[in-house]
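Heads up, the thing below is written out as structure tokens.
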Amino acid sequence: MTGRSGPVVDSRPLAVGIDLGTTYSAVAWVNPDGDPEIIPNALGEPLTASVVSFAAGRPIVGAEAKADQARGASEVAYLFKRSMGNPSFQFPLGGEVWSATRLSALVLAHLKEQAEAALGRPVTRAVVTVPEYFTHPERAATIEAGRLAGLDVRRIISEPTSAALAYGLRPGPRTRRVLVYDLGGGTFDVSLVEIGPDEIRVLCTDGNHELGGRDWDDRLAGLVLRAFPAEAAALEDEPGALLVEVERLKRTLSARQSAELRLVVDGRPPLSTRIDRKSFEGASRDLLEQTGQLTGQVLDELGLSWADIHGILPVGGSTRMPMVRDYLEELSGRPPMGGVHPDHAVALGAAAQAAILLEEESAAQLRLAGPSAVPAEPILRLSAPRRVSGVVAHSLGMIAENSTGDRYVNSVLLPRNQRIPCTETRPYQFELDGGGEELLEVYLTQGETDDPSTCVYLGRYLVTRFPPGGRRKVIVDVAYAYDENVLVGVTATERSSGAPLAVTVAELPEDVPGRFLQPPVRSVAREPMTVYLAFDLSGSMSGLPLNEAKRAAETFVSQLDLTTTAVGLIAFSDRVRAEQQATSNAAVIERAIRGLVVGSTGYGNATHPFDELRQLLAGSAGRRFGVVLADGVWSNQSRAVKQAQHCHRDGIDVVAVGFGGADQGFLRRIASSTEQALFTDLGELSSVFGTIAREITEGATRP
Numbered sequence: 296m297t298g299r300s301g302p303v304v305d306s307r308p309l310a311v312g313i314d315l316g317t318t319y320s321a322v323a324w325v326n327p328d329g330d331p332e333i334i335p336n337a338l339g340e341p342l343t344a345s346v347v348s349f350a351a352g353r354p355i356v357g358a359e360a361k362a363d364q365a366r367g368a369s370e371v372a373y374l375f376k377r378s379m380g381n382p383s384f385q386f387p388l389g390g391e392v393w394s395a396t397r398l399s400a401l402v403l404a405h406l407k408e409q410a411e412a413a414l415g416r417p418v419t420r421a422v423v424t425v426p427e428y429f430t431h432p433e434r435a436a437t438i439e440a441g442r443l444a445g446l447d448v449r450r451i452i453s454e455p456t457s458a459a460l461a462y463g464l465r466p467g468p469r470t471r472r473v474l475v476y477d478l479g480g481g482t483f484d485v486s487l488v489e490i491g492p493d494e495i496r497v498l499c500t501d502g503n504h505e506l507g508g509r510d511w512d513d514r515l516a517g518l519v520l521r522a523f524p525a526e527a528a529a530l531e532d533e534p535g536a537l538l539v540e541v542e543r544l545k546r547t548l549s550a551r552q553s554a555e556l557r558l559v560v561d562g563r564p565p566l567s568t569r570i571d572r573k574s575f576e577g578a579s580r581d582l583l584e585q586t587g588q589l590t591g592q593v594l595d596e597l598g599l600s601w602a603d604i605h606g607i608l609p610v611g612g613s614t615r616m617p618m619v620r621d622y623l624e625e626l627s628g629r630p631p632m633g634g635v636h637p638d639h640a641v642a643l644g645a646a647a648q649a650a651i652l653l654e655e656e657s658a659a660q661l662r663l664a665g666p667s668a669v670p671a672e673p674i675l676r677l678s679a680p681r682r683v684s685g686v687v688a689h690s691l692g693m694i695a696e697n698s699t700g701d702r703y704v705n706s707v708l709l710p711r712n713q714r715i716p717c718t719e720t721r722p723y724q725f726e727l728d729g730g731g732e733e734l735l736e737v738y739l740t741q742g743e744t745d746d747p748s749t750c751v752y753l754g755r756y757l758v759t760r761f762p763p764g765g766r767r768k769v770i771v772d773v774a775y776a777y778d779e780n781v782l783v784g785v786t787a788t789e790r791s792s793g794a795p796l797a798v799t800v801a802e803l804p805e806d807v808p809g810r811f812l813q814p815p816v817r818s819v820a821r822e823p824m825t826v827y828l829a830f831d832l833s834g835s836m837s838g839l840p841l842n843e844a845k846r847a848a849e850t851f852v853s854q855l856d857l858t859t860t861a862v863g864l865i866a867f868s869d870r871v872r873a874e875q876q877a878t879s880n881a882a883v884i885e886r887a888i889r890g891l892v893v894g895s896t897g898y899g900n901a902t903h904p905f906d907e908l909r910q911l912l913a914g915s916a917g918r919r920f921g922v923v924l925a926d927g928v929w930s931n932q933s934r935a936v937k938q939a940q941h942c943h944r945d946g947i948d949v950v951a952v953g954f955g956g957a958d959q960g961f962l963r964r965i966a967s968s969t970e971q972a973l974f975t976d977l978g979e980l981s982s983v984f985g986t987i988a989r990e991i992t993e994g995a996t997r998p
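Quick note on our numbering: the sequence shown kicks off at 296 and runs consecutively.
Okay, structure coming up:
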């Protein structure tokens, strides 16, 4: 890069990487030597303040806007990244009302202009980073901000993944398992990443997009306000000026044990106080512990300990605080990893991702050109991984009724931490009235619990254009997908005809989510169902049988309409234990399935699941099922048959599935009918369980 001394002569296509930060942003490119490099702004600085000012009557971004903020000017916007995708955020500036998207577009346009001035070339394509924990609306708003800034956003990439890519460019062991601890100005993300020679793969992620360095600033501001109780009200009236001074104080405390703060309020003599690092660290310890809790959750979800990772990679300007570095060493038992500048890593990784995309585009064009075409020179150095695979940070779900029909729940359909892109297809029961105006409403959500009040609502998806055929009940297979940018797409098919259905997205009604906090008002009765999978976990299930049983259980759950069906899990051998109470949350069900362990209830065959099944299903409305899996001969078969018959009399449908050494005659006696007794090979177990689930779902559509 020649900087401002002259234009770069390079015929290769150019795409930059942009770290669009809450407090500071950066832009980078891959230089002609194949190395990602930060592009400095007009002041020669690597970072640009994500602040917009209209104090001069026109939009100004960066250092000048930051200076206006420090002077207490009212026409200044900052921290708006925290409101990306929020339609209710409105900020008055320069006689207009601005959304977070439009303000972010001003920052992106400024970075674009700075890059063009430095490189001497037009910049039209970019990879833009977002916090891992950004939801669909926030990611879509970021892409729109890029469009408004005149950029073709080729990819949205998460900040921890981007930082891991920057780290992966450095020589190191063949495969490294790294915990990326990303504490920026306004967000916190933690991701466990596996860095190999050819691929960077995110294994698991968690985070909080409302926790970041600005929260440490607020704690420091609290110490300042307590030092000047008489002037506190006046200081709070000028929050921008106070926060700028507090940010300076925080940076000083990262280098010194104490620092002096001076403030001018209402033209009075300057206020002065000295704050020590120890007081600051004590006031913000709980913030650190919040990050530690999320970090621990990532390790727990994968069943790993600190000994299983190579180290922690600190990313984001806030990780330069000594308290953060000390805390990371306290958590992991080793110093945090170095080698990548925490302020630059995200932008550098985004630039590398942009180069990878350009190389893929060039390779695709080469294939079209035929064998005589000359391959282009690689943009990145050969040591860089060429594949980046992330995971979804948020489970995808839809609003449904619980099994008793007395409250709405968020039914998780596509659990988080699946590799992207990914698709999950779920059946949905629907009754057509034959009038030709049929409309299936799907309220799509992102959230981890069944509480509708804690979800992010992505939209009201309308499924229409059903094939004609009069009044009837149908199964609609709805496919939910995350693309490479972790944006959501929905398609639907009518099962019996295979006809694709139209899916459109409508605005959410004003009473959402309030309406889902009230009891449901049913216009069409949809029969609820509760199903318990009861698995024999005796010693003979060790190894491959248990793995196939888990896979069969996951297939079973994937074929159920979880808006009407709750699923639970029972383990039995010498003892019986309910591993999971019935729920419509697919993430919870699948976690319970993965947790099944041979020997958890003993290694023999001394007991049966039917007493537990009757007790668990006693209060469930609608149809009730017990799907029992056995691979051998139970010790007390006569007792088991007797108790199974009690289930039959109570209206519980028992489906018995056996393989291996299971007694086929016994299976017929415990099943509710001979058709519900199934003997199969181990390799066909998933297929059998999928068929059972489809028949349960389709059986619920009978008039």
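Glycine residues also receive a C-beta, built at the ideal position from the N, C-alpha and C atoms.
Bear in mind the structure is a predicted one, so any value in this text is a computation, not a measurement.
query                                                                                                                             : result
Any chain D beta carbon closer than 8 Å to Arg620                                                                                 : Judged by its chain identifiers, the structure shown contains no chain D, having just a single protein chain.
Expected contact under 8 Å - CB spacing of Glu907 and Leu891 to nearest Å                                                         : Actually they do not touch by this definition, with Cβ atoms about 16 Å apart.
Pairwise C-alpha distance: Thr614 and His605                                                                                      : 19 Å
The segment 938–945 touching the segment 907–916, judged by at least three CB pairs closer than 8 Å                               : yes
Reduced DSSP category for Ala310 - H, G, I as helix; E, B as strand; rest coil                                                    : strand
Ser549 (DSSP reduced to helix, strand or coil)                                                                                    : coil
Identity of the residues DSSP links to Ile651 by a beta bridge                                                                    : In DSSP, Ile651 forms no bridge with anything.
Val669 versus Leu309: straight-line alpha-carbon distance, rounded                                                                : Note that Val669 has pLDDT 48, beneath the 50 cutoff, so the model's placement of it is unreliable and the number below is only indicative. If you take the alpha carbons of Val669 and Leu309, they lie about 20 Å apart.
Cβ neighbours of Arg496 in the same chain (closer than 6 Å, five flanking residues each side left out)                            : Glu489 and Ser684
Inter-stretch contact (C-beta, 8 Å, three-pair minimum) for the segment 467–483 and the segment 594–605                           : yes
Beta carbon of Gly894 nearer than 8 Å to that of Ser930                                                                           : no
Buried versus exposed call for Val928 [16 or more other C-beta atoms within 10 Å across all chains shown]                         : exposed
Glu733 versus Pro426 - alpha carbon distance                                                                                      : 39 Å
For Phe961, the three-state DSSP class (helix, strand or coil)                                                                    : helix
CB-CB length for Pro747 against Tyr775, believed under 8 Å                                                                        : Wrong, their Cβ atoms sit about 18 Å apart, outside the cutoff.
Buried versus exposed, by CB contacts within 10 Å (16 or more), Arg918                                                            : buried
Cut-off 8 Å between Cβ atoms - residues of its own chain near Met296, not counting five sequence neighbours on either side        : With a pLDDT of only 40 at Met296, under the threshold of 50, the placement of this residue in the model should not be trusted; the figure read from the coordinates follows. These residues qualify, in order along the chain: Val303, Trp324, Asn326, Pro327, Glu332, Ile334, Ala413 and Leu414.
Whether Cys750 touches Asn780 by CB criterion (8 Å)                                                                               : no
Residue span of the beta strand (DSSP E) that contains Asn503, given as start and end                                             : Glu494 to Asn503
When Pro382, Ala404, Lys407 and Ala368 are compared against Gly389, the one with the closest alpha-carbon                         : Ala368
Nearest-angstrom Cβ-Cβ length linking Leu374 and Thr430, presumed shorter than 8 Å                                                : At roughly 18 Å, the Cβ-Cβ gap does not stay under 8 Å, so Leu374 and Thr430 are not in contact.
The segment 505–515 / the segment 349–356 touching (three or more Cβ pairs under 8 Å)                                             : no
Whole runs of the alpha helix (DSSP H) within the segment 835–895, excluding any shorter than 4 residues                          : 839–853 and 881–889
Ala787 and Asp772 closer than 8 Å at C-beta                                                                                       : yes
Where Glu990 falls: helix, strand or coil (DSSP)                                                                                  : helix
Alpha-carbon to alpha-carbon, Asn336 and Val418                                                                                   : 15 Å
Contacts around Thr986, its chain only, beta-carbon distance under 6 Å, and the 5 residues preceding and following it disregarded : none
Supposed close pair Gly502, Leu594 - CB separation, criterion 8 Å                                                                 : Contact doesn't hold; Cβ gap of about 14 Å is too wide.
Which of helix, strand or coil DSSP assigns to Tyr622                                                                             : helix
Option nearest Arg551 by Cα separation, candidates Pro617, Thr902 and Leu962                                                      : Pro617
Within 8 Å, strictly: CB atoms of Ala829 and Leu757                                                                               : no
For Tyr257, the residue or residues it bridges with in DSSP                                                                       : Since the displayed the chain opens at 296 and closes at 998, residue 257 lies outside it and no answer follows.
8 Å Cβ cutoff met for Pro808 and Tyr723                                                                                           : no
Burial state of Gln409 (16 or more Cβ within 10 Å)                                                                                : buried
Segment limits, beta strand (DSSP E) that includes Ile607                                                                         : Gly606 to Val610
Coil, strand or helix - Leu256 by DSSP                                                                                            : This structure cannot settle anything about residue 256, because the visible part of the chain is limited to 296 through 998.
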